[in-house]
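To start, the structure under review is shown below, and the notes come after it.
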Ligand SMILES: Cc1cc2nc3c(=O)[nH]c(=O)nc-3n(C[C@H](O)[C@H](O)[C@H](O)COP(=O)(O)OP(=O)(O)OC[C@H]3O[C@@H](n4cnc5c(N)ncnc54)[C@H](O)[C@@H]3O)c2cc1C
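Numbering (the working numbering), first residue to last: 6 to 399.
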């Protein structure tokens with residue numbers, strides 16, 4: 006088995022397969038620890054998978070527990086929701102987590118290193134080998150630019166948003182949502198809520214997320230229309246500072262704080278990826294598509310899709326059938342697992358893009374705090390999205 010990419014999706018898939026005695030070759034173009042542009046929020050359900058992967062103890066030792074989320078609407082209405090058990094639904098942990106991705110991803114790779122896995126860093130996959138309607142391997146370049154070719158019954162594409170596997174198979178499509186994220190770290194934030202909370206500031210067309218990730222260090226992500234940020238690509242720091250000042254509630258929150266890392270940008274954020282038209286390949290995590298970080302999906306999606314991919318891979322290896330037809334149930338299961346949340350993410354995009362709608366939603370939720378907690382439960386991946394259709398009683 007070949008796994009392309011050792012981020013959360015690839016590392017998780019490889020760990021699960023190695024634990025079943027499968028021989029796995031993992032190729033990543035980076036050397037770990039490596040940075041990753043991200044809001045660095047982990048939903049309360051992510052610890053379930055991290056526990057299964059054997060890294061939760063190490064993650065808990067460094068992560069900041071986030072008891073809930075504080076949302077500030079454009080008109081200044083403030084809502085605070087908690088991650089808590091709701092009727093039959095309980096989170097794996099009654100908190101989300103904030104921690105730097107460099108740390109999380111390195112911990113997952115450390116776990117990989119402890120297993121009999123052939124992990125090769127600084128090896129960049131450049132192409133996929135397709136024969137008779139099936140992916141049969143990859144071509145790559147190592148650090149010294151030496152070409153190598155690897156073959157296996159299955160290739161797991163876990164190579165993130167710029168997935169070379171998805172590109173070479175012609176699966177990647179642009180999305181009409183054109184947004185860009187600018188991400189930095191801040192220190193010296195006064196008046197941090199106790200216990201810690203993630204904080205969202207909605208101010209159309211922008212939104213910002215402040216997420217504590219270490220003592221006196223918070224991730225600050227600003228999401229803006231791509232067209233507004235693109236002309237500033239050479240002066241991102243200037244654009245970021247000016248834009249953050251234009252969000253009055255965020256600006257007040259940041260008073261006295263200082264930026265302690267360069268601003269890094271990524272966009273467009275959203276893109277779509279079609280199902281593979283060939284066998285021998287499974288798309289996991291961002292390689293399978295991404296929408297928007299507002300609902301904090303991403304790492305949990307990567308971890309959960311890795312669980313589904315590992316099941317599908319084990320089935321294919323057992324039966325000796327890695328054809329497109331045999332792997333189709335994985336594609337269906339992956340899409341079904343996230344379809345409800347994807348619908349919610351699209352609906353929330355509509356709300357956060359319109360000032361009056363955002364204010365109205367905030368005031369409505371403010372009157373029924375139980376409903377906000379249900380919404381947070383869905384965002385936190387432990388309440389099924391269908392619960393939002395039956396909110397009477399909350
Ligand atoms: C601005 C922003 C904010 C976000 N905020 C959050 C958040 O707060 N919470 C959350 O859960 N999610 C968030 N996400 C989403 C999250 O970052 C991703 O969903 C997550 O990283 C997906 O994991 P992955 O393993 O699929 O991909 P990645 O983490 O991108 O890992 C892919 C790996 O593949 C390797 N690779 C790439 N190309 C090649 C190649 N050709 N050859 C070999 N190796 C290769 C890379 O080096 C990398 O290590 C955010 C995303 C963005 C853009």
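The beta carbon of each residue, even a glycine, is placed where N, CA and C say it ideally should be. All values reported here derive from a predicted model rather than from experimental measurement.
Of 384, 333 and 243, the smallest CA-CA separation from residue 298 is found for 384.
Residue 206 is positioned such that its CB atom lies closer than 9 Å to that of residue 213. Around the Cβ of residue 265, a 10 Å sphere holds fewer than 16 other Cβ atoms; the residue is exposed.
A contact between stretches requires three or more CB pairs, one per stretch, nearer than 8 Å, and the region 37–52 fails this requirement with the region 132–143. Taken through DSSP and simplified to helix, strand or coil, residue 13 comes out as helix. For residue 264, the beta-bridge partners assigned by DSSP are 191. In the assembly as shown, residue 369 is an exposed residue. Its beta-carbon has fewer than 16 other beta-carbons within 10 Å.
Comparing alpha-carbon positions, the option among 120, 185 and 173 lying closest to residue 18 turns out to be 120.
For residue 36, no beta strand (DSSP E) encloses it, and the DSSP letter there is neither H nor E. Relative to ligand 1, the beta carbon of residue 306 is positioned inside 8 Å of a heavy atom. Taken from the Cβ of residue 128, at least one heavy atom of ligand 1 lies inside 8 Å.
Between residue 77 and residue 254, the beta carbon gap of about 5 Å places them in contact (Cβ cut-off 8 Å). Look at residue 310 here: in three-state DSSP terms it is helix. Beyond the five residues adjoining it in sequence on each side, residue 203 comes within less than 6 Å, by CB distance, of 46, 71, 74 and 216 in the same chain, given in chain order. Annotation: the region 28–101 contains the following complete segments of the alpha helix (DSSP H) (minimum length 4 residues), in chain order: 51–57 and 61–65. Not one heavy atom of ligand 1 is found less than 8 Å from the C-beta of residue 210. Rounded to the nearest angstrom, the gap between the Cα atoms of residue 63 and residue 112 is 7 Å.
In this structure, residue 176 lies away from residue 140, with their beta-carbon atoms at least 9 Å apart. The DSSP-derived three-state label of residue 352 is helix. For the 9 Å CB-CB criterion, residue 332 and residue 286 form a contact. Here DSSP, grouped into helix, strand and coil, assigns residue 277 to strand.
The Cβ atoms of residue 295 and residue 275 sit closer than 9 Å to each other. Taken from the Cβ of residue 228, at least one heavy atom of ligand 1 lies inside 8 Å.
Taking residue 163 as the centre and dropping the five residues before and after it, the same chain places the C-beta of 8, 9, 10, 12, 14, 15, 18, 289, 290 and 292 closer than 7 Å to its C-beta, in chain order.
Listed as beta-bridge partners of residue 207 by DSSP are 212.
With 16 or more other Cβ atoms inside 10 Å of its own Cβ, residue 102 counts as buried. In this structure, residue 217 has its CB at a distance of at least 8 Å from all heavy atoms of ligand 1. Between ligand 1 and residue 204, a heavy atom-to-CB distance of less than 8 Å is absent. Assigned with DSSP and collapsed to three states, residue 291 falls in helix.
Within the model, the alpha-carbon separation for residue 152 versus residue 124 is close to 17 Å.
Across the structure, residue 127 and residue 33 are spaced so that their CA atoms are roughly 6 Å apart. Counting along the chain, no beta strand (DSSP E) covers residue 137, and no H or E run does either. The Cβ atoms of residue 322 and residue 27 sit closer than 9 Å to each other. Beta-bridge partners of residue 7 (DSSP): 30 and 160. Rounded to whole angstroms, the Cβ separation of residue 252 and residue 42 is 20 Å, and the two are not in contact under 8 Å. DSSP, read as helix, strand or coil, puts residue 123 in strand.
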